Amino acid sequence: MTAPHAPLRQFPVQDDCLQLGGITLTRLAERVGRTPFYAYERNHIQSRIALLRGVLPADLHVHYAIKANPMPALVQMMATLVDGFDVASGGELKTALDAGMPPSRISFAGPGKSNSELRSAVASGVVLHLESEEEMERAARVGELLGMMPRVAIRVNPEFELKYAGMKMAGGARQFGVDAERVPAMLRKLRHLALDFQGFHLFCGAQNLSAHAICEAQRLCVELGLRLAEHAPTPMRLLNIGGGFGVPYFPGEQPLNLAAVAEGLGTTARALAAASPQTRLVLELGRYLVAESGIYVCRVLERKLSHGQVFLITDGGLHHHLAASGHFGQVIRKNYPVAIGNRMHAAPREVATVVGPLCTPLDMLADSMELARAEPGDYVVVFQSGAYGLTASPTAFLGHPPPLEVLV
Ligand SMILES: Cc1ncc(COP(=O)(O)O)c(C=O)c1O
Numbered sequence: 032m033t034a035p036h037a038p039l040r041q042f043p044v045q046d047d048c049l050q051l052g053g054i055t056l057t058r059l060a061e062r063v064g065r066t067p068f069y070a071y072e073r074n075h076i077q078s079r080i081a082l083l084r085g086v087l088p089a090d091l092h093v094h095y096a097i098k099a100n101p102m103p104a105l106v107q108m109m110a111t112l113v114d115g116f117d118v119a120s121g122g123e124l125k126t127a128l129d130a131g132m133p134p135s136r137i138s139f140a141g142p143g144k145s146n147s148e149l150r151s152a153v154a155s156g157v158v159l160h161l162e163s164e165e166e167m168e169r170a171a172r173v174g175e176l177l178g179m180m181p182r183v184a185i186r187v188n189p190e191f192e193l194k195y196a197g198m199k200m201a202g203g204a205r206q207f208g209v210d211a212e213r214v215p216a217m218l219r220k221l222r223h224l225a226l227d228f229q230g231f232h233l234f235c236g237a238q239n240l241s242a243h244a245i246c247e248a249q250r251l252c253v254e255l256g257l258r259l260a261e262h263a264p265t266p267m268r269l270l271n272i273g274g275g276f277g278v279p280y281f282p283g284e285q286p287l288n289l290a291a292v293a294e295g296l297g298t299t300a301r302a303l304a305a306a307s308p309q310t311r312l313v314l315e316l317g318r319y320l321v322a323e324s325g326i327y328v329c330r331v332l333e334r335k336l337s338h339g340q341v342f343l344i345t346d347g348g349l350h351h352h353l354a355a356s357g358h359f360g361q362v363i364r365k366n367y368p369v370a371i372g373n374r375m376h377a378a379p380r381e382v383a384t385v386v387g388p389l390c391t392p393l394d395m396l397a398d399s400m401e402l403a404r405a406e407p408g409d410y411v412v413v414f415q416s417g418a419y420g421l422t423a424s425p426t427a428f429l430g431h432p433p434p435l436e437v438l439v
């Protein structure tokens with residue numbers, strides 16, 4: 032017997048049909064006009080941010096990492112709820128600026144920034160998170176060319192790593208950031224360049240459900256930031272300690288203990304404020320803000336029986352939702368939480384495998400899951416789909432139409 036998924040309580044059910052934003056799924060599908068689609072609920076995102084604000088230190092800045100979900104309407108709403116955005120490409124930079132976030136509150140991280148991305152970042156006045164010494168020199172040249180002083184922070188690759196992270200992004204050899212031991216020398220060079228030094232950025236990993244590991248990494252990030260700041264040309268005004276807060280996707284996973292994170296972070300934030308009162312402490316979160324607000328909806332086209340196994344063949348699949356198919360960073364494929372959205376608690380139930388229309392066995396949204404017995408026309412819902420869904424999927428694969436997206 033495998034462990035169950037963590038209970039999903041974010042959306043009510045009325046007449047056995049899931050509701051999002053006060054609309055039943057069947058009506059929402061009519062409103063959208065066709066399946067498959069992604070739907071994200073405004074209320075859920077607002078409450079999630081209110082919950083965070085309620086427990087985290089009051090002077091902590093919460094940034095939204097647009098890569099988690101760059102839907103323009105959603106980013107626009109986020110601009111009114113968070114203190115800043117993190118972008119990772121020229122495209123995301125445009126989305127962030129269009130949403131009206133002040134440039135000084137936008138950070139641009141990521142290796143391999145092109146010269147044209149550097150130029151638009153400098154021209155717009157956002158904070159460049161330098162990923163290498165070479166990038167620092169290119170940023171300075173762009174500044175000279177434009178007659179502007181680029182705002183910069185150094186992304187540091189620390190020696191320690193974030194334990195229990197679904198994705199580790201620091202510690203040891205990495206393409207991200209500058210190895211901590213090289214930062215003092217980089218800061219010596221920076222003194223001679225026309226760059227407006229802001230501080231440091233550390234991003235140790237993502238999808239972590241261990242409050243203890245997150246707090247430990249945050250404490251170490253602040254200690255390292257303070258040590259490196261001793262070599263800086265000006266006081267450290269910014270310290271972005273990343274995020275990595277996870278959400279439960281798979282059977283047996285439990286939600287992050289936010290109260291425990293808040294307690295640890297409170298201690299860390301007080302230590303920073305005492306040692307470096309001018310430093311703005313920034314937390315950068317993507318999936319924790321949006322993943323649970325979203326569902327992916329596709330429709331059953333056909334029931335098929337093969338060797339006694341039920342297959343629900345749908346109009347959605349891997350090309351729209353790579354992560355739910357198990358091929359976005361998973362080592363062993365596990366099921367996302369899935370339900371028949373218009374038969375939430377109905378009997379009879381059966382074990383079925385949900386697949387898409389692609390000619391590959393990888394195109395699977397649920398493997399041998401207990402679901403309400405579904406018929407053609409019923410709606411398959413994949414939960415926890417508000418982050419790394421559409422834009423993390425190979426939509427052009429096999430030429431099917433892309434899914435729609437709505438914010439409700
Ligand atoms: C630099 C940086 N910031 C923020 C994020 C967002 O992570 P998450 O969506 O897991 O919170 C990532 C994810 O890879 C990242 O690389």
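Count along the sequence shown starting at 1, add 31, and that's the number in my numbering.
By construction, the Cβ of each residue, glycine as well, lies at the ideal position given by its N, Cα and C atoms.
A quick note: this is a predicted structure, and the numbers were derived from the prediction, not measured.
{"Check": "Taking the beta strand (DSSP E) that residue 400 falls in, what are its first and last residues?", "Outcome": "395-403"}
{"Check": "Ligand 1 and residue 234: does the residue's C-beta get closer than 7 Å to at least one heavy atom of that ligand?", "Outcome": "yes"}
{"Check": "Look at the alpha carbon of residue 103 and the alpha carbon of residue 435, and state the distance between them as a whole number of angstroms.", "Outcome": "13 Å"}
{"Check": "Reducing DSSP to helix, strand and coil, say where residue 209 ends up.", "Outcome": "strand"}
{"Check": "Residue 227 bridges to which residues according to DSSP?", "Outcome": "182"}
{"Check": "Less than 8 Å between the C-beta atoms of residue 33 and residue 189, yes or no?", "Outcome": "no"}
{"Check": "With a cut-off of 8 Å, do at least 3 Cβ pairs link the stretch 213-222 to the stretch 252-266?", "Outcome": "yes"}
{"Check": "Within 7 Å: the Cβ of residue 117 and any heavy atom of ligand 1?", "Outcome": "yes"}
{"Check": "Pull up the distance between the alpha-carbon of residue 422 and that of residue 415, whole angstroms please.", "Outcome": "15 Å"}
{"Check": "Please tell me whether residue 273 has its Cβ less than 8 Å away from any Cβ of chain D.", "Outcome": "Annotation note: the requested chain D is absent from the structure, which comprises a single protein chain."}
{"Check": "Just verifying my parser: in three-state terms, what is the DSSP assignment at residue 157?", "Outcome": "coil"}
{"Check": "Within 10 angstroms of its Cβ, does residue 38 collect 16 or more other Cβ (buried), or is it exposed?", "Outcome": "exposed"}
{"Check": "May I ask you to verify whether the stretch 97-114 touches the stretch 123-131, counting CB pairs closer than 8 Å and requiring at least 3?", "Outcome": "yes"}
{"Check": "Please determine, among 113, 326, 86, the residue with the shortest C-alpha to C-alpha distance to residue 94.", "Outcome": "113"}
{"Check": "Our contact map puts residue 396 next to residue 387 with C-beta atoms below 8 Å; I'd like the distance itself, whole angstroms only.", "Outcome": "7 Å"}
{"Check": "Please indicate yes or no: does the CB of residue 276 lie closer than 7 Å to some heavy atom of ligand 1?", "Outcome": "yes"}
{"Check": "Going by CA-CA distance only, name the one from 250, 120, 269 that's closest to residue 183.", "Outcome": "269"}
{"Check": "Pairs of beta-carbons, one from the stretch 164-174 and one from the stretch 134-141, closer than 8 Å: are there three or more?", "Outcome": "no"}
{"Check": "Work out the CA separation of residue 99 and residue 51 for me, nearest whole Å.", "Outcome": "20 Å"}
{"Check": "Let me know the alpha helix (DSSP H) ranges lying completely inside the stretch 291-329, each 4 residues or longer, listed in chain order.", "Outcome": "318-321"}
{"Check": "Could you check what DSSP says for residue 198 in three-state terms: helix, strand or coil?", "Outcome": "strand"}
{"Check": "Using the beta-carbon count (16 or more within 10 Å), is residue 362 buried or exposed?", "Outcome": "exposed"}
{"Check": "Along the alpha helix (DSSP H) that carries residue 244, what are the first and last residues, could you check?", "Outcome": "242-260"}
{"Check": "Could you compute how far the alpha carbon of residue 350 sits from the alpha carbon of residue 272?", "Outcome": "33 Å"}
{"Check": "Across the stretch 312-326 and the stretch 374-381, are there enough close Cβ pairs to call them in contact, namely three or more that are closer than 8 Å?", "Outcome": "no"}
{"Check": "Along the chain, where does the alpha helix (DSSP H) containing residue 437 start, and where does it finish?", "Outcome": "Not the alpha helix (DSSP H): residue 437 falls in the beta strand (DSSP E), residues 435-438."}
{"Check": "Between the beta-carbon of residue 276 and the beta-carbon of residue 319, is there less than 8 Å?", "Outcome": "yes"}
{"Check": "Going by Cα to Cα distance, which pick from 209, 225, 75 is closest to residue 43?", "Outcome": "75"}
{"Check": "What residues are listed by DSSP as bridge partners for residue 54?", "Outcome": "51"}
{"Check": "For ligand 1, I want to know if residue 318 counts as a neighbour, meaning its beta carbon is within less than 7 Å of at least one of the ligand's heavy atoms.", "Outcome": "yes"}
{"Check": "Assuming residue 66 contacts residue 329 under a Cβ cut-off of 8 Å, what Cβ separation, rounded to an integer in Å, is found between them?", "Outcome": "5 Å"}
{"Check": "If you run the structure through DSSP and keep just helix, strand and coil, what is residue 414?", "Outcome": "coil"}
{"Check": "Indicate whether residue 236 and residue 70 have their beta-carbon atoms separated by less than 8 Å.", "Outcome": "no"}
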